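In UniProt numbering, the protein residues as written are 1 to 73.
Reading through the structure tokens given below for one structure.
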Amino acid sequence: MTKKKTPFGKYLESKSINQAALARTTGIRPNRISEFATQDCLKMRADEIYLLAKALGERPGTLLDYLLAEIKS
């Protein structure tokens, strides 16, 4: 069964980003990265958003805007 993707999961897929590699780069546990990609109600901490944005080459505010786009609309 395919899990539903969150905005973060869709972002990773659109950029062809490997979750395991992202976990190694950020130091965030792989299962936590997977949860971000599949669980809508999961809350990200500010330090996690910062580490993810840095690893993805984005500004934290830009990543946050992307993550919240579905809520804003």
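Don't be surprised by glycine CBs; every beta carbon is placed ideally from N, CA and C.
Predicted model only: the values in this text are computed from it and were never measured.
At the level of alpha carbons, what is the spacing between residue i and residue j?
i   : j   : result
K54 : L12 : 14 Å
L68 : M44 : 12 Å
Measure the beta-carbon distance from residue i to residue j and round it to whole angstroms, keeping in mind my assumption that it falls under 8 Å.
i   : j   : result
P30 : A37 : Not really, about 11 Å apart at Cβ, beyond 8 Å.
Are there 16 or more other CB atoms within 10 angstroms of the CB of residue i, so buried, or fewer, so exposed?
i   : result
G57 : exposed
T26 : buried
Using three-state DSSP, classify residue i as helix, strand or coil.
i   : result
E58 : coil
K43 : coil
I28 : coil
T38 : helix
K5  : coil
Mind checking which residues open and close the alpha helix (DSSP H) that includes residue i?
i   : result
S16 : No alpha helix (DSSP H) contains S16, which DSSP labels as neither H nor E.
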